[in-house]
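Novice:
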Amino acid sequence: MFEQPVIAFENVTKTFGNVHAVVDNNLAVKAGEFLSILGPSGCGKTTSLRMMAGFEQPSSGAVSIQGQNMTGVPAFLRPVNMVFQHYALFPHLNVADNVSYGLRQRRPKPADAELAKSVADALEMVRLSGYEKRRSYELSGGQQQRVALARALINRPAVLLLDEPLAALDRKLRREMQIELQNLQRNLGITFLLVTHDQEEALSMSDRVCVMREGRIVQIGSPRELYDKPINSYVAGFVGKANFFVGPKADTVLCVRPELLEISATRKTLPQGLADAFDVTVLNRIFLGEHTEYLVRHESLGDFTVLSPRKSEHASGVFDIGDKAAVGWHKSAAQILTTT
Amino acid sequence: MRIYATLVYLFLYFPIALIVGFSFNAGKYAMDWQGFSLAWYSKAFSNPLILQALITSLIIAGMTALLSAIIGTMTALGLERVTGRTRTIFDALIYISIMVPGIVIGISTLIAFVTLFNMVNPLLLSLWNIKIEMGIWTVIAAHVLFNLAVVCLLVRARLTGMDRSLVEASEDLYATPMGTFRQVVLPLLMPSILAGFLLSFTFSFEDFIITFFVAGPNVTLPIYVFSSIRRGVTPEINAVGTVVLLSSLLLLVIAQVILQRSEKIAVAKS
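Chains as they are written, first to last, in the numbering used here: chain A, 85 to 424; chain B, 2 to 271.
#1: From the DSSP output, in three-state form, read off F93/A for me.
#2: Rounded to whole angstroms, what is the Cα-Cα separation between L246/B and L174/B?
#3: In the DSSP assignment, find the alpha helix (DSSP H) that holds T65/B and state where it starts and stops.
#4: Looking at the secondary structure, which residues open and close the beta strand (DSSP E) in which V101/B lies?
#5: Roughly how far, in whole angstroms, is the beta-carbon of P175/A from the beta-carbon of S224/A, given that I think they are within contact range, below 8 Å?
#6: What residues of chain A sit near T177/B, judged by a beta carbon separation below 7 Å?
#7: In the DSSP output, what is L223/A paired with across the bridge?
#8: So within the stretch 144-224 of chain B, which uninterrupted alpha helix (DSSP H) runs reach at least 4 residues, ignoring any that extend past its ends?
#9: Check the DSSP bridge columns for S384/A and list the partner residues they point to.
#10: Is any beta-carbon of chain A found at less than 8 Å from that of L128/B?
#11: So, with DSSP's three-state summary, where would you put T365/A?
#12: Compare the beta carbon distance of V244/B and A54/B with 8 Å and say whether it is the shorter of the two.
#13: To the nearest angstrom, how far is it from the Cα of A6/B to the Cα of F12/B?
#14: In angstroms, rounded to a whole number, what distance separates the CA positions of S184/A and Y215/A?
#15: Look up D360/A in the DSSP assignment and give the residues it is bridged to.
#16: Distance, Cα to Cα, S148/A vs T155/A?
#17: Using 8 Å as the threshold, is the C-beta distance between G145/A and V295/A below it?
#18: Just reading off the beta strand (DSSP E) that H104/A is part of, what are its end residues?
#19: In whole angstroms, what separates the C-alpha of F118/B from that of R134/A?
#20: Compare the Cα-Cα distances from R296/B to each of F204/B, G197/B, L124/B and I56/B and report the closest residue.
#21: Between T76/B and S205/B, is the Cβ-Cβ spacing less than 8 Å?
#22: Kindly indicate if chain B contains any beta-carbon less than 8 Å away from that of M85/A.
#23: Which same chain residues end up closer than 6 Å to N122/B when comparing Cβ atoms and leaving out the 5 residues on each side of it in sequence?
#24: In whole angstroms, give me the CA-to-CA distance for G116/A and L265/A.
#25: Report all residues from its chain with a CB closer than 7 Å to the CB of F91/B; omit the five preceding and five following residues, and keep chain order.
#26: Which of the three DSSP states, helix, strand or coil, is assigned to V121/B?
#27: Would you kindly check if the distance between the Cβ of V164/A and the Cβ of V279/A is under 8 Å?
#28: Look at S132/A and V106/A and say whether their C-beta atoms are less than 8 Å apart.
#29: S193/B touches chain A at which residues, Cβ-Cβ below 8 Å?
#30: At 4 residues or longer, and completely inside the stretch 253-315 of chain A: list those alpha helix (DSSP H) runs for me, N to C.
#31: To the nearest angstrom, report how far apart I97/B and V145/B are at their CA atoms.
#32: According to the neighbour-count rule (16 or more other Cβ atoms, all chains shown, within 10 Å of its Cβ), is R235/A buried or exposed?
#33: Hey, does G63/B have any beta-carbon neighbour from chain A nearer than 8 Å?
#34: Mind checking if G85/B is an interface residue toward chain A, Cβ cutoff 8 Å exclusive?
#35: So that I know if they touch, is there some Cβ in chain B lying closer than 8 Å to that of N165/A?
#36: Where V9/B and L19/B are concerned, what is the direct C-alpha to C-alpha distance, given to the nearest angstrom?
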């Protein structure tokens, strides 16, 4: 059955002077999904988000939300809410007044008791009960993040827009917030649209990931699809790690993921049934805990990386810098991709 | 170096200290210490001329501060949206009105007012048989002229330091442009506006030069002090001077505290 997208771009282009930030974009966000827009800085992902929120208007094309054309509709009339990169909590208001800000704009204004109840529920949802009277600058980064989430989610938006929300947090906190965001999204059933340059973040949280480059959508699909069947070498290189070798035709490369490579002391000790095997010299070794990452050199293929899992080290062996080794891969591990 | 500094400060503040000290003199002559007394304060504040001058000064300072705060804030907000040459020109004009000596503002506003009166008074006289002349309002106009620049600079400093995403967050949370201004922009600017109000009040209250040119027959406190000094310094004048000095100082300290507190909050936030 055809389902109407909750946000739809129709040939949206946005230019700033000579810069084409977004080019002929036809993004469609499905209701209830967790979609991430992934790309390096300057790829147009933040501009796309700002056109959804209403902070920017497309130069051409149209944005619609829940089937309604949003051309010329200002931000305060759009049924979406945003979590800003640096949270943008109002410094002159306490946590409760920050969280209830959206509800207090409604006419007629909700009663005080009703507001207090909604704020208490929202703060409980982000595990900040009892923080009502605090000021935003008294909170830690993670707590500010949660207040920003509560302030947006209390309005039950059609879509929650998240602009690199975890970029300012340290690694451990980021991991916790990723899980918390995912849980919130599943429990509330609200569509989440996250913009990030962190591929790990996009892959771990989203139902679908949209990879952007220079204003255009390169590929959109589930994290597994993007990882296993990248449309070109750009996606393969941006999503996960990849080794690229000279391809069979012009403008093509042979792509092999480092973790799909087998490594052993000699060709004979490599597993059976490999499509190709090469003699290499180990250039570098990085211990990563569950994996060991080797940088190896082959005289005609060049330098590439191999991830050797801890579990199979008893069979493959451990190599030192300068050691000779053999590397090979199964036929299914190698993909021929077009370069861009 | 330390001796120089001491001498400089002594030179700057010794006369002021003398005035404050001798305002508590019991004796009749300004520089002849006869013992501590508050008599001159009660005498000063029961003198109807001094009271009238004080009221005039307070009205002028209050109106100047209010108008400067409103117009200065509006100027700062307006300049936010102006770019390029127009912006440069307006910026320069604002700095000029602060740096120009009071005597220049005094003379030029006097000439401007006189020219204006000469132009419109014949018409007003023939139409309604009235004419406009120098008064409290001309003093207020001249004071607002440079105090609005002070407010404008203070508010602009705050505006440039303000996180643009706060305004966007407010709009995103369904607040209309007017609602955003009232609930976010104005409260965040309030410390600067208040500080600007207090500074304008102080500058206007203690101003002599500009007032002297455009006051017409009106007597403000500084003008009263000046005219009575020509008849010799009395402890009464010392008492008035001390009150003006201390209230000005108090207002300046309050303005400074407000600005610093709001800055601390802004720093703690980022």
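Where is the CB? At the ideal position from N, CA and C, for every residue including glycine.
Specialist: Let me spell this out:
#1: In the three-state scheme derived from DSSP, where H, G and I count as helix and E and B as strand, F93/A is classed as strand.
#2: Straight-line spacing of the CA atoms in L246/B and L174/B works out to 48 Å.
#3: In the DSSP annotation of this structure, the continuous segment of the alpha helix (DSSP H) that includes T65/B starts and ends at P49 to E81.
#4: Unbroken run through V101/B: none, as it is neither H nor E.
#5: With 8 Å as the limit, P175/A and S224/A do not qualify as a contact, their Cβ atoms being about 15 Å apart.
#6: Among the residues of chain A, those whose CB is under 7 Å from the CB of T177/B are F160, following chain order.
#7: As DSSP reads the structure, L223/A sits in no beta bridge.
#8: Entirely contained in the stretch 144-224 of chain B, the alpha helix (DSSP H) runs reaching 4 residues are, in chain order, 165-173, 178-181, 187-207 and 210-215.
#9: For S384/A, which the question treats as bridged, DSSP gives no partner whatsoever.
#10: No, its Cβ sits nowhere closer than 8 Å to a Cβ of chain A.
#11: Three-state DSSP puts T365/A in a strand.
#12: With contacts defined by Cβ atoms closer than 8 Å, V244/B and A54/B do not form a contacting pair.
#13: So the two alpha carbons sit approximately 10 Å from each other.
#14: Taking the straight line from one Cα to the other gives about 13 Å.
#15: Answer is W413/A.
#16: If I take the Cα positions, the gap works out to 8 Å.
#17: No.
#18: Counting along the chain, the beta strand (DSSP E) containing H104/A begins and ends at V103 to N109.
#19: Rounded to the nearest angstrom, the two C-alpha atoms are 55 Å apart.
#20: Nothing about residue 296/B can be read from this structure; chain B reaches only from 2 to 271.
#21: A distance of 8 Å or more separates the beta carbons of T76/B and S205/B.
#22: Unreliable placement is indicated for M85/A, whose pLDDT of 44 sits below 50; no coordinate value is reported for it.
#23: So the qualifying residues of the chain are K132.
#24: About 14 Å.
#25: Within the same chain, L80 and V83 come within 7 Å of F91/B by CB-CB distance, once the 5 residues on both sides are set aside.
#26: DSSP, reduced to helix, strand and coil, places V121/B within a helical segment of the structure shown.
#27: No. Outside cutoff.
#28: Cβ distance < 8 Å, so S132/A and V106/A count as in contact.
#29: Neighbours of S193/B across chain A, judged by C-beta separation under 8 Å, do not exist; the nearest C-beta is about 13 Å away.
#30: Within the stretch 253-315 of chain A, the complete alpha helix (DSSP H) runs of at least 4 residues are 255-272, 283-289 and 307-312.
#31: Taking C-alpha positions only, I97/B is separated from V145/B by approximately 14 Å.
#32: Classification for R235/A: buried.
#33: It does not; no Cβ of chain A falls within 8 Å.
#34: Chain A has no Cβ within less than 8 Å of the Cβ of G85/B.
#35: Closer than 8 Å: yes.
#36: Their backbone Cα atoms lie some 16 Å apart in a straight line.
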